[in-house]
Every structure is written in structure tokens, then in C-alpha cells.
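Protein chains in written order, with my numbering: chain A, 1 to 192; chain B, 193 to 384. Here a beta-carbon is modelled for each residue, glycine too, at the ideal position from N, C-alpha and C. Notes to accompany the following structure.
Protein chains: 2
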Amino acid sequence: MSVQERKQRERADRERLIVATARELAEQQGWDAVTTRRLAERIEYSQPVLYSHFRGKREIIGAVALEGASEMAVAMRSATAAASAPRERVAALARAYLDFADRNPAVYDALFQLDGGLTYAQEDTPEQLKDAFAALMETLGEVAGDGVEPELFTEVFWASLHGVATLTRSGRLLPEDAERRIELLVDRLAVI
Amino acid sequence: MSVQERKQRERADRERLIVATARELAEQQGWDAVTTRRLAERIEYSQPVLYSHFRGKREIIGAVALEGASEMAVAMRSATAAASAPRERVAALARAYLDFADRNPAVYDALFQLDGGLTYAQEDTPEQLKDAFAALMETLGEVAGDGVEPELFTEVFWASLHGVATLTRSGRLLPEDAERRIELLVDRLAVI
DNA sequence: CTCGAATGCCTAGCGCTGCTAGGATCAAGC
DNA sequence: GCTTGATCCTAGCAGCGCTAGGCATTCGAG
Numbered sequence: 001m002s003v004q005e006r007k008q009r010e011r012a013d014r015e016r017l018i019v020a021t022a023r024e025l026a027e028q029q030g031w032d033a034v035t036t037r038r039l040a041e042r043i044e045y046s047q048p049v050l051y052s053h054f055r056g057k058r059e060i061i062g063a064v065a066l067e068g069a070s071e072m073a074v075a076m077r078s079a080t081a082a083a084s085a086p087r088e089r090v091a092a093l094a095r096a097y098l099d100f101a102d103r104n105p106a107v108y109d110a111l112f113q114l115d116g117g118l119t120y121a122q123e124d125t126p127e128q129l130k131d132a133f134a135a136l137m138e139t140l141g142e143v144a145g146d147g148v149e150p151e152l153f154t155e156v157f158w159a160s161l162h163g164v165a166t167l168t169r170s171g172r173l174l175p176e177d178a179e180r181r182i183e184l185l186v187d188r189l190a191v192i
Numbered sequence: 193m194s195v196q197e198r199k200q201r202e203r204a205d206r207e208r209l210i211v212a213t214a215r216e217l218a219e220q221q222g223w224d225a226v227t228t229r230r231l232a233e234r235i236e237y238s239q240p241v242l243y244s245h246f247r248g249k250r251e252i253i254g255a256v257a258l259e260g261a262s263e264m265a266v267a268m269r270s271a272t273a274a275a276s277a278p279r280e281r282v283a284a285l286a287r288a289y290l291d292f293a294d295r296n297p298a299v300y301d302a303l304f305q306l307d308g309g310l311t312y313a314q315e316d317t318p319e320q321l322k323d324a325f326a327a328l329m330e331t332l333g334e335v336a337g338d339g340v341e342p343e344l345f346t347e348v349f350w351a352s353l354h355g356v357a358t359l360t361r362s363g364r365l366l367p368e369d370a371e372r373r374i375e376l377l378v379d380r381l382a383v384i
């Protein structure tokens, strides 16, 4: 039995290596540079090995996305934990969100721009994604305002942050006014 | 001279044909299906002809984007012209924006998701893009609220709409609550 | 201990992509 | 009538995601 266990462990290790390497490569040179050939070379296996772990490139993106969702949830919760007043918590959340997108563009793309084969906003949505949304809602739910469902409010706030994040990174918004945009969003959307 | 003029005219016609065909193909089957081979076949010329008009696929996407920007500006202006009260104008604008994104997903991608080699928010930004932003600002500038620059407010509102548009289309937001999201955004962001 | 079965991995290759070099064809100008 | 230049095509390059097929190695049964 011990031999089988070792093999399973090694296989799991290799799978983690694939995901970590894909992520690293994507952060360094963008997702376009993450080709199955380059990825295989970096993990020092042949291409077909990738397909014994994942159905294809899409699933590898999905794996990076799930990893990123967990990290993002942690980042947002720890940012909001430090603030006590609701308004400051929301601002801290918004900053944490945009900061994560800024520091981990490839992970952010895997999560919200690319097709990682994941389902969102459904029952079979992966736990990591549900939890990241839950992390948003924990802070945003209490500033939704009367008669507005926390879910709906969270979606709208999230969409706004997402718009700012993506338009900024693609050069469609200039980064200079980032902080002022956050302030405006928080002040207008959140009901204190 | 007349011969040369005819040739120039034919060349311009062919360029329009390329852009129109690329757009059509993208709307029908997505941008991934717009390959230089397929595009060349549809316009009944060989591949290299495309490169005598555009530097590459990216520039073709950019051309579709510029065309789309003009149409979007028209759509937004005609939608807001019908409404008299500021609040209704803003709501009409938001609906027109999201409606355009919904009806012309490939064009919207060319404009705001893909790399069409265009510059945004700069001096050398193409007129069509500046004008589309101007169309937004015409309506949004008057509900920015005291002490908030119309430009900044327009950017934030636009980013929010963009977030809703992209997250909805990629299945990350469910389309059912679309109208309620619009109402919430308008009510909270716009200062009447 | 031996031998067939199963596993793990690699080489090679398919059909596709964006893009380009080089040659054929045809019209314009002297 | 010949040359020159523009126009367009065929053919091909390197790289892409993905997979078929075969070679070792390891495992389990006799």
C-alpha cells in the first residue's frame, strides 16, 4: 500500500507543480506565453503528461483561478478585519480587491477574464468561488441599504470594481485617479 | 487620373469589405473563428491581401472597434435624447449601453476586451473613441454631483456598466436581475 | 523466479494558427 | 513593343493545442 500512496503523493505534487508553474509563467509573460510546450519544458516532462492531469489548457487556467479565488478571499477578509467602521471596511475591501488584481494580473485574468471552464453563480459553482463572493458579501451586505438585497448589492459593487480593475489594466483608464475612483464608488454605492 | 481614382475607390471598398466581414464572422461565431484564412476566403481574396490593408489581425479588430464606437455613440445619444428628466436620461443611457453590449458582443469585445492596438484616454486616442466617451459624459456630467469632476464620474459610471456587461456575458452574473442592477447603479451613483 | 499485464511516459505527428517570401500576371508609360 | 511597376497568389515557416502509438518499467500471479 505504501508504494501506491507514495505514487499518489508524487502525482499530486506534480499537479501542484503544473499549476504553480503555469501561474508563474502567466504572471511573468502573460497567459499567451503559457503554451503546453513551454509549460511541459518548465516542469521537465513531456506535453502529454499535462493531459494526464488536466483535460486541456482551459482546465489549467481553471485550477489557477480556484487557487487565486482562495487567496483573494483571504486578502479581502484580512483587509476588512483591520477596519472597524463600516465605511472604512468597504473602502479597505475595495482597495484590497483592486490591489489583488493589480499585483496578480494573470490570476485575476484566470478568474474573471479567461475561460477556465468554471461555472459561476450556480449550484455547482466551486466552493472557492462561492467563498470569494461570500467574503465580498460579508462586508458589503451591511451597507446595501434598506430594501436592497445583499446579494444584488454585492453583485453590483463587485461589477463596478471589476470594471475599474479591467479597464485600468488594459490602459483604458489612467492609473493616476485610482484612489479617487475608489472613494467615489464607496461613497456613492454604500449606504452607511 | 480616373483610373487611379477608380483603383483607390476599389481599394477602399475592399477594406470596408474586410472589416464588415470580420465583424460579421465574429458576431456569428466569435472572434476565435475569425482567422486570416477564413476571412480571406470569405472576401474571396488570398490571405496576403489582408496584410496589404492591415498590419495584422490586431488592426482588423481595431477597425471593427472604431466602427463600433461610432455606432455606440449614436445609440447612446438617441436613447438619451428621448428622455427629459436627468434621472431617466441616465437610466436610458445605461440601458442603451448594456443593450449595445448584449446585441453586439463581438463589437463590444473588440472595443473593450480585446487588443485592437488602439490607445485610450490619451491625446492620440482615435476620434471615435473620444466621441463615444463624450456621449457618455454629455448625460453623466450633469449628475456627477458637487465637487466631483464630470470626467472622473463618467469613468466610474462607465467602469460599472462595463463590469456588469462583461460579467453578465461571461455567465458570472445571471441575466435575470439585469434591470434591477441598472436601477441600483443609477439610483446610487447619479446625483439628481 | 518467471512471465504476462498494466502503468507511465515519450516521440512523433495532425490540423490549425498568424504571418511572409518569392514568383506569376497584368496594366501603364516611354 | 518593351520595360517597369503594381497586384495578387502559391507555398511555406514556426508555433499552437492536442493525441495516437509504442517503448520501458513495474506489478501481481503462478
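Using a Cβ-Cβ distance cut-off of 8 Å, determine whether residue i contacts chain B.
i, result
"A/Arg87", "no"
"A/Ser46", "no"
"A/Phe112", "yes"
"A/Ala121", "yes"
"A/Ala159", "yes"
"A/Leu198", "With chain A represented from 1 up to 192, any question about residue 198 of chain A goes unanswered, as that position is not in the structure."
"A/Arg181", "yes"
"A/Arg188", "yes"
"A/Leu152", "yes"
From which residue to which residue does the alpha helix (DSSP H) around residue i run?
i, result
"A/Arg169", "150-169"
"B/Ser238", "Taken as a continuous stretch (DSSP letters only), B/Ser238 belongs to no alpha helix (DSSP H), as it is neither H nor E."
"A/Phe216", "Given that chain A is displayed from residue 1 to residue 192, the structure contains no residue 216 of chain A and the question cannot be resolved."
"A/Leu129", "127-140"
"B/Val378", "370-381"
"A/Tyr120", "Careful: A/Tyr120 lies outside any alpha helix (DSSP H) and carries neither H nor E."
"B/Val139", "The structure shown does not extend to residue 139 of chain B, since chain B spans only 193 to 384, so no value can be given for it."
"B/Pro367", "Looking at the DSSP string, B/Pro367 is not in any alpha helix (DSSP H), and its letter there is neither H nor E."
"B/Ala294", "It should be noted that the sequence gives Asp, not Ala, for residue 294 of chain B. Residues 278-295."
Could you name the residues of the same chain whose beta carbon sits closer than 6 Å to that of residue i, not counting the 5 residues immediately before and after it, in chain order?
i, result
"B/Leu306", "Ile253"
"A/Ala63", "Val19"
"B/Leu365", "Leu359"
"B/Arg269", "Ala327"
"B/Phe292", "Met264, Ala267"
"B/Phe246", "Ile252"
Go through its chain and collect everything with a Cβ distance to residue i's Cβ below 8 Å, but skip five positions before and after it.
i, result
"A/Tyr221", "This structure leaves residue 221 of chain A out entirely; chain A is present only between 1 and 192."
"B/Ala329", "Note that residue 329 of chain B is Met in the sequence shown, not Ala. The answer, listed in chain order, is Pro342, Glu343, Thr346."
"A/Gly147", "none"
"A/Asp131", "Ala69, Ser70, Ala73"
Would you verify that the beta carbon of residue i is, or is not, closer than 8 Å to some beta carbon of chain A?
i, result
"B/Leu217", "no"
"B/Leu231", "no"
"B/Val340", "yes"
"B/Met193", "The predicted position of B/Met193 is uncertain, since its pLDDT is 49 and thus under 50; a value taken from the coordinates is nonetheless stated next. No, its Cβ sits nowhere closer than 8 Å to a Cβ of chain A."
"B/Val348", "yes"
"B/Phe292", "no"
"B/Leu209", "no"
"B/Leu376", "yes"
Where does residue i land, buried or exposed, given buried means 16+ other C-beta within 10 angstroms?
i, result
"A/Val191", "exposed"
"A/Ser160", "buried"
"B/Gln196", "exposed"
"B/Ala371", "A small correction: the amino acid at residue 371 of chain B is Glu; Ala does not occupy that position in the sequence shown. Per the 10 Å Cβ criterion, exposed."
"B/Gly355", "buried"
"A/Lys57", "buried"
"B/Arg198", "exposed"
"B/Ala261", "buried"
"B/Tyr417", "Examination of residue 417 of chain B is not possible in this model, given that chain B is present from 193 through 384 alone."
"A/Gly30", "exposed"
"B/Asp224", "exposed"
"B/Arg380", "buried"
"A/Arg87", "exposed"
"A/Thr119", "exposed"
Hey, is residue i close to the ligand COA, as in C-beta under 7 Å from one of its heavy atoms?
i, result
"A/Gly117", "By its list of ligands, the structure shown contains no ligand whatsoever, and the ligand COA lies outside what it can speak to."
Below 7 Å CB to CB, which residues in the same chain sit around residue i once its five sequence neighbours on both sides are set aside?
i, result
"A/Ala22", "Val34, Leu39, Ile60, Val64"
"B/Leu258", "Pro318, Gln320"
"B/Phe304", "His354"
Cβ-based contacts, 7 Å cut-off: residues of the segment 51-65 of chain A near chain B: none
Positions along the segment 354-370 of chain B whose CB lies within less than 9 Å of some CB in chain A: His354, Gly355, Val356, Ala357, Thr358, Leu359, Thr360, Ser362, Gly363, Arg364, Leu365, Leu366, Asp369
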